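Q: Note that the sequence shown covers residues -19 to -1, 1 to 708 in mature numbering (1 follows the signal peptide of the UniProt record, and there is no 0).
By construction, the Cβ of each residue, glycine as well, lies at the ideal position given by its N, Cα and C atoms.
All values reported here derive from a predicted model rather than from experimental measurement.
I am attaching a structure below and will ask some questions about it afterwards.
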Amino acid sequence: MPWGFGGMALLLTGTLAQASTLSNDLQLLTQGQRFERRISLATMGMPGNAVNVPAGSLQEFYFPAHPSQLSRSLQVVAPANQPAPAFTLNGAAQPVQAATPAQPDQLLRTSLPLNPAATATRLGMQVAPAPQTACDARPAGAVALKSASYLSYYPVAASLPPLEQAWSAQAVAALPEQPFLMVAAPPLSAEAFDTAWRVGVAMARLGRPASIHTLPRVGDKVDTRALSIPPSLAALRAFAGLSDAKEQHTIEDPAEIGALLMLDAGSTLADVVVVDRQLQSQIAQALDALHNQITDADALAVFQRWRDQKMPLAREAALSAPVARMAFGAHPAWAVAVGSAAQVAAISDKPGWLALSAVADGAARLPEQQANHPILRPDSPTSSSQFAVQAPENWSASFALLPPTGASHTPTHVSASFLIPAQTKSQYPVGALRWNGVLLAASRLSAGSERDTLSADIPVYALSDINLLQVSLEQNAPEGDCKQALTVPTTALQLDVRFDAPRQTALPRNPTFADLIPHLGLSAELAVPRDYLVHVRPGLSNAIRMAVAANLSAHSAQLVLVEKNQPYTPARTFVALDVALPGTNRSVNLLGDRVAFRDRSIDDLPWKPTTDVSAVQAVTAGHQAGLLWYPMGEARAAIKPTGLLVNHGQLALLGPNSEVAWINASGSVVHASDANTAGPMYEWRSLFSWGVPVTLGALILFILLLAAATFAARRARNKTTHTEGSP
């Protein structure tokens, strides 16, 4: 008998010890996983692969403000085979390991830690530390910074600073470059899909195109290799099942979904959540199932606290506002109620300017001089269009227009007002405006107490998915000598942009992309197959990307769900994704492994023909004009992010890496432009490249024919004269 009591005591002690370990490990788990999020210069809008900084110049890059509570750093990527660059962060010098001789394609990667007290990030870059006086020799050579450089941070749900309490353009700018948009496990309701695509379009227009996440469901396959599960949690069946570290683990019961939420698995991450009763019910059921597997009182208390604090969407009344900031696991997320997309899209109707970078000749200076004197800084706490530029000589500043379209109306006119200080009056300053690299205006400006304005219309071919305005001022260096230089002048700069809705005029009989894009921003239909509600990830991604490329309005466009094998007859201007249009033929198809235009193979495509290629075609159906997208080969082909489909053509092929190949009426590739590097003027340059020789050839032929005709006429006249004069 004494042995029996001792055995029971030993068993009880072991059980209590196990329970204590279980609750402790569960408590540790509730602190969440750390996931790095990034915002790169390329995402912000820097064109090309790198920016070159010439000797004697200072280049500054401006990253969006982030909460100071976050753990942040700046990851700098630069070519290794160049002079050693000098970096500053918010004016403070940052030592960087000197580059060793390297191959041209080798890169220097450096991590620069950020001061936790600073929210904004200003990166300065120059060839070397500046000389002490203006007479010292400038360093030779130039340096480059790759657009792959990025701001790195680790968001936590515990810190919800005032900056991010309200949905705004600044809050969207603080999102990572690839945010996750979470919806319920399929099948989605039509209302949830309608809200999600509108939210996705609004995010994309503000420079944050979203990746789609659906809440996992039983039978889904998830990657469990990166999950970190304490051994004691194997006592719970849900965690034990997820401990297999498989690339494709099949979810067996709802409790495993609850465990994935607690583990902050990659498949459950969310930056924006579309909230409906279906999603809340699915979360509640998963957490209830996990709750039923926990028998220890201490562990159960830990779980309940986590559920109340970190997963409030499990409660029906959790969302009291259309858009709210709340925890979703260990990370903060924006919760958007179904039917509230208008509030989210509203900020994409208010244009604003995001400063990206500025460069100034002769501005290279010591770090202590940079601390409180950035080249470009906001000049008004309430306006995003007023700036001050402090530079001694020529300078250039780049701004991203957010959103690139206003209420889906394309920008048509831009202006910049300069207030140049009087000491530059004798230097004949010249200002210039460039839109996505296209020169819009250039003129000599006056200096003094009155503003001088440059303005220009924006051609439709210069538009892109990220619209960049570059403002530059060319002026001579201030007069002075080596002993005493004049004060560096500060120019006040005010930007303005106008969005004009297209006139309600009839479209041409055979409209082109350029004809349709402005009209699609008015009242249009977005027609998608109804099975997109089941195949949510590819379906929602395609709908969002095509809507952005076609300039659809997140406000006024109407979603139409088309039943399988049923024709779609549009009632207004439309964008249709892989649906049947009566009386419309698809111009492009597959012939074996070749893409063909009207059964004739298309040559010179810049990609493997049948690798995730799709087509966009300007069509007319039911007396309505619109765009039809359809895949080549794969039924689930994905639309890759691309710019606005602005072109004076009617057919385009979309490649696997966001390439666009425009097809002319004969089925030939007019050009295959890489929109990310070639720029919006590539089409016109390519047409010009062959148009000039043809025009010159025709002109030479005309001159030769004219000369031959003149010679023949003169010869005939001489012959006639000779005949008349003969006896």
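1) So, is I439 buried or exposed, given that buried needs 16 or more other C-beta atoms within 10 angstroms?
2) Tell me which residue opens and which closes the alpha helix (DSSP H) that S595 is part of.
3) I'd like to know whether the C-beta atoms of V556 and G607 end up nearer to each other than 7 Å.
4) Here's the rule I'm using: 16 or more other beta-carbon atoms within 10 Å means buried, otherwise exposed. How should Y409 be labelled?
5) Counting only the same chain and skipping the five closest in sequence on each side, list residues whose C-beta sits under 7 Å from that of L208.
6) Rank I525, L337, N570 by C-alpha distance to the C-alpha of L162 and give the top, closest one.
7) Who are the near neighbours of W671 in its chain, counting only those whose CB is closer than 6 Å to its CB and skipping five residues on each side?
8) Given a cut-off of 7 Å on the beta-carbon distance, is the pair A397 and E41 in contact?
9) Would you list, in sequence order, the uninterrupted alpha helix (DSSP H) runs of no fewer than 4 residues that lie entirely inside the segment 301 to 372?
10) State the Cα-Cα distance for the pair R666 and A251, rounded to the nearest angstrom.
11) Quick check on DSSP: helix, strand or coil for A561?
12) May I have the straight-line CA-CA distance separating A298 from L89, to the nearest angstrom?
13) Please go through the segment 494 to 568 and give each complete beta strand (DSSP E) segment of 3 or more residues, from N-terminal end onward.
14) With distance defined between alpha-carbon atoms, name the residue in H47, Q63, P168, S445 nearest to V517.
15) Measuring only the C-alpha atoms, how far is Q605 from V541?
16) Apart from the five residues just before and just after L514, which ones in its own chain have a Cβ nearer than 8 Å to its Cβ?
17) Over the uninterrupted beta strand (DSSP E) stretch that includes T195, give me the two end residues.
18) Buried or exposed: I684, going by 16 or more other Cβ atoms within 10 Å of its Cβ?
19) Quick check on DSSP: helix, strand or coil for G200?
20) Which first and last residues belong to the beta strand (DSSP E) in which P612 is found?
21) In its own chain, which residues sit with a C-beta less than 6 Å from the C-beta of G333, not counting the 5 before and 5 after it?
22) Cutting at 6 Å between CB atoms, please list the residues of its own chain near P563, excluding the five before and the five after it.
23) Is the CB-CB distance between R53 and Y131 below 7 Å?
24) How many whole angstroms separate the CB atoms of A191 and A322, which I take to be in contact at a CB cut-off of 8 Å?
25) Any idea which residues DSSP pairs D438 with across the strands?
26) Compare the Cα-Cα distances from A316 to each of Q261, F284, L335 and report the closest residue.
27) Report all residues from its chain with a CB closer than 8 Å to the CB of L242; omit the five preceding and five following residues, and keep chain order.
28) Is it the case that the Cβ atoms of A596 and Y611 are separated by a distance below 7 Å?
29) Taking Y43 as the reference, give the member of A31, P35, M27, G37 with the closest Cα.
30) Look at the alpha carbon of L357 and the alpha carbon of G105, and state the distance between them as a whole number of angstroms.
31) What residue range is occupied by the uninterrupted beta strand (DSSP E) comprising N96?
32) Please state whether DSSP places E297 in a helix, a strand or coil.
33) Looking only at C-alpha atoms, which of P587, R696, V108 sits nearest to P60?
34) Which residue comes first and which comes last in the beta strand (DSSP E) that contains M292?
35) Can you check which of these residues, V594, V651, S453, is closest to D342 by C-alpha distance?
36) Just curious, the alpha helix (DSSP H) that I238 is in, first and last residue?
A: The answer reads as follows:
1) The residue you call residue 439 lines up with position 458 of the sequence shown. So I439 counts as buried.
2) Reading the sequence shown from its first residue, position 614 is the one you call residue 595. Premise fails: S595 lies in the beta strand (DSSP E), 594 to 602, not in any alpha helix (DSSP H).
3) Counted from its first residue, the sequence shown places residue 556 at position 575. Counted from its first residue, the sequence shown places residue 607 at position 626. Yes, the Cβ-Cβ distance between V556 and G607 is below 7 Å.
4) Here residue 409 refers to the residue found at position 428 of the sequence shown. Exposed, since its Cβ has fewer than 16 Cβ neighbours within 10 Å.
5) For the purposes of this step, residue 208 is taken as the residue at position 227 of the sequence shown. Contacts found: L223, L244, A246.
6) One-based indexing of the sequence shown puts residue 162 at position 181. Per the Cα distances, I525.
7) Your numbering for residue 671 matches position 690 in the sequence shown. Here the model assigns W671 a pLDDT of 45, short of 50, so the residue's position is not dependable, and the following value carries that caveat. No residues qualify anywhere along the chain.
8) Position 416 of the sequence shown holds residue 397. Position 60 of the sequence shown holds residue 41. Going by C-beta atoms, A397 is not nearer than 7 Å to E41.
9) 322 to 327, 348 to 351
10) Locating residue 666 in the sequence shown gives position 685, counting from the first residue. Locating residue 251 in the sequence shown gives position 270, counting from the first residue. With a pLDDT of 42 at R666, under the threshold of 50, the modelled position of that residue is not reliable, and the figure given next carries that caveat. Using only the alpha carbons, I get a separation of about 43 Å.
11) Taking the sequence shown and counting its residues from 1, the one referred to as residue 561 is at position 580. Three-state DSSP puts A561 in a strand.
12) In the sequence shown, the residue the question calls residue 298 occupies position 317. In the sequence shown, the residue the question calls residue 89 occupies position 108. Between A298 and L89, the C-alpha separation is close to 51 Å.
13) 506 to 510, 539 to 543, 555 to 558
14) Your numbering for residue 517 matches position 536 in the sequence shown. Checking every option, the nearest Cα to that of V517 belongs to P168.
15) Within the sequence shown, numbered from 1, the residue matching residue 605 stands at position 624. Within the sequence shown, numbered from 1, the residue matching residue 541 stands at position 560. If you take the alpha carbons of Q605 and V541, they lie about 15 Å apart.
16) Numbered from 1 along the sequence shown, position 533 holds the residue referred to as residue 514. Once the five neighbours on either side are set aside, the close Cβ partners of L514 are P167, P168, L169, S170, A171, F174, G520, L542.
17) Locating residue 195 in the sequence shown gives position 214, where the first residue counts as 1. Its beta strand (DSSP E) spans residues 192 to 195.
18) Position 703 of the sequence shown, counted from the start, is the residue given in the question as residue 684. I684 should be labelled exposed.
19) Position 219 of the sequence shown, counted from the first residue, corresponds to residue 200. Coil.
20) Residue numbering aside, residue 612 sits at position 631 when the sequence shown is read from its first letter. P612 -> beta strand (DSSP E) spans 605 to 613.
21) Counting from one through the sequence shown, the residue named residue 333 turns up at place 352. So the qualifying residues of the chain are A150, S365, L383.
22) For the purposes of this step, residue 563 is taken as the residue at position 582 of the sequence shown. Counting only Cβ-Cβ distances below 6 Å, and skipping sequence neighbours, we find P548.
23) For the purposes of this step, residue 53 is taken as residue 72 along the sequence shown, with counting starting at 1. For the purposes of this step, residue 131 is taken as residue 150 along the sequence shown, with counting starting at 1. Result no, Cβ atoms of R53 and Y131 do not sit closer than 7 Å.
24) Taking the sequence shown and counting its residues from 1, one reaches residue 191 at position 210. Taking the sequence shown and counting its residues from 1, one reaches residue 322 at position 341. That belief does not hold up - the Cβ atoms of A191 and A322 are roughly 13 Å apart, past 8 Å.
25) On the sequence shown, position 457 is the one that residue 438 refers to. Paired residues: H394.
26) As a working mapping, residue 316 is identified with position 335 in the sequence shown. Checking every option, the nearest Cα to that of A316 belongs to Q261.
27) Within the sequence shown, the letter at position 261 stands for residue 242. Taken in chain order, the residues that qualify are T249, I264, A267, L268, M292, G310.
28) Along the sequence shown, one-based indexing puts residue 596 at 615. Along the sequence shown, one-based indexing puts residue 611 at 630. Against a cut-off of 7 Å, the Cβ pair of Y611 and A596 comes out as a contact.
29) Along the sequence shown, read from residue 1 onward, the residue named residue 43 stands at position 62. Closest option to Y43, Cα to Cα, is M27.
30) Position 376 of the sequence shown, counted from the first residue, corresponds to residue 357. Position 124 of the sequence shown, counted from the first residue, corresponds to residue 105. So the alpha carbons of these two residues sit roughly 11 Å apart.
31) The residue given as residue 96 occupies position 115 in the sequence shown. Run containing N96: none; DSSP gives neither H nor E here.
32) Within the sequence shown, the letter at position 316 stands for residue 297. E297 falls in the helix class under three-state DSSP.
33) Within the sequence shown, numbered from 1, the residue matching residue 60 stands at position 79. Nearest of P587, R696, V108 to P60, Cα basis: V108.
34) Looking up residue 292 in the sequence shown gives position 311. M292 -> no beta strand (DSSP E), and no H or E assigned at all.
35) Here residue 342 refers to the residue found at position 361 when the sequence shown is read from its first residue. When only C-alpha atoms are compared, the closest one is S453.
36) Numbered from its first residue, the sequence shown carries residue 238 at position 257. Residues 235 to 243.
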